[in-house]
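First up is the structure itself, then whatever we jot down about it.
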Amino acid sequence: MGLDGAELTWLGHASFLLKSPGGKYLVIDPWLEGNPKCPPEFYGWDKADYILLTHGHFDHMGSAESLAKKTGAAVLCNFELATYLGSKGVANAVGMNKGGTVEFGDIKITMVYADHSSGISTEHGIIYGGEAAGFVVTLENGLTLYHAGDTNVFGDMALIKTLYQPDVALLPIGGHFTMAPKEAAYAVRLLGAKTVVPMHYGTFDALTGRPEALADLLAGSEYEVKVMEPGQAVQ
Ligand code: NI
Ligand code: MN
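Residues in the sequence shown are numbered consecutively from 1, following the working numbering.
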């Protein structure tokens, strides 16, 4: 894929581990134990400098509290999730909102729009989890990755292209709760990212979208569909 010193590992579903060229560990939407697609060797994973949460659903933050407590990582998420995690004893939850950028040295993390919901499931039912988001991450080497979170395609993906020029887009394709390959193929064109990594498919029976369908829709275009295997690091 050509990450110029960075290393990306898919942990199944929407969970990704990104090691920056400077050796920082970013974990996006950690859902490890309980994630049918997470390789068991990553259960109990204990390295993170920054944890990014796109929204409050269990399949995106199921392991966030435990990983944050184990590592002391800064948790970047919307204000409501940060307040919730703070109430659970997470020491360094950084609440932000769309359009905001947090910088750690030469790493920049911007929260962007997503078209989805964000309630948190608790023993007392669903509580308000703010709004769903995506993230644009620019690493020390200038490489820019966009993690869409859960979302449908939306026209303002064109703004993400204009403002941030993502090199790699991590896009949900499973359908049912998010966009499917038809919408994702359109999203790729709006985003202009040369490499697209499909995610959020195959985990549950309802998530029927497949990378082959996305690849067919983009055949002959300038865009490459990079199908990752959970647990396999790509550089
Ligand atoms: Ni969701
Ligand atoms: Mn989801």
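C-beta atoms are modelled at their ideal positions from N, C-alpha and C, and glycine is treated no differently. Owing to the predicted nature of the structure, the values given are computational and were not obtained by experimental measurement.
Is residue i close to the ligand NI? I mean its beta-carbon at under 7 Å from any heavy atom of the ligand.
i	result
D150	yes
H124	no
H147	no
Beta carbon of residue i: closer than 7 Å to some heavy atom of the ligand MN?
i	result
A14	yes
N167	First, the amino acid is wrong: residue 167 is Asp here, not Asn. Because no heavy atom of the ligand MN lies under 7 Å away, the Cβ of D167 does not count as near it: no.
F177	yes
D59	yes
Determine which residues share a DSSP beta bridge with residue i and list them.
i	result
P261	Because residue 261 is not part of the residues shown, which for the chain are 1 to 235, the question remains open.
P198	L171
V75	I51, A93
T110	T101, V136
H147	F135, L170
L26	L18, Y50
V153	Answer is none; V153 lacks a bridge partner.
V234	L8
Roughly how far, in whole angstroms, is the beta-carbon of residue i from the beta-carbon of residue j, given that I think they are within contact range, below 8 Å?
i	j	result
V94	V75	6 Å
L11	L32	7 Å
D4	N141	5 Å
T138	K108	4 Å
Could you check if residue i is buried or exposed, using at least 16 other CB atoms within 10 Å of its CB as the buried criterion?
i	result
Q172	Here residue 172 turns out to be Pro, not Gln, going by the sequence shown. The residue in question, P172, is buried, as its Cβ has 16 or more Cβ neighbours within 10 Å.
H200	buried
P36	exposed
S87	exposed
G174	buried
A14	buried
N78	buried
E131	buried
When the cut-off is 8 Å and only beta carbons count, does residue i lie next to chain D?
i	result
K88	Although the question refers to chain D, the structure presented lacks it and comprises just one protein chain.
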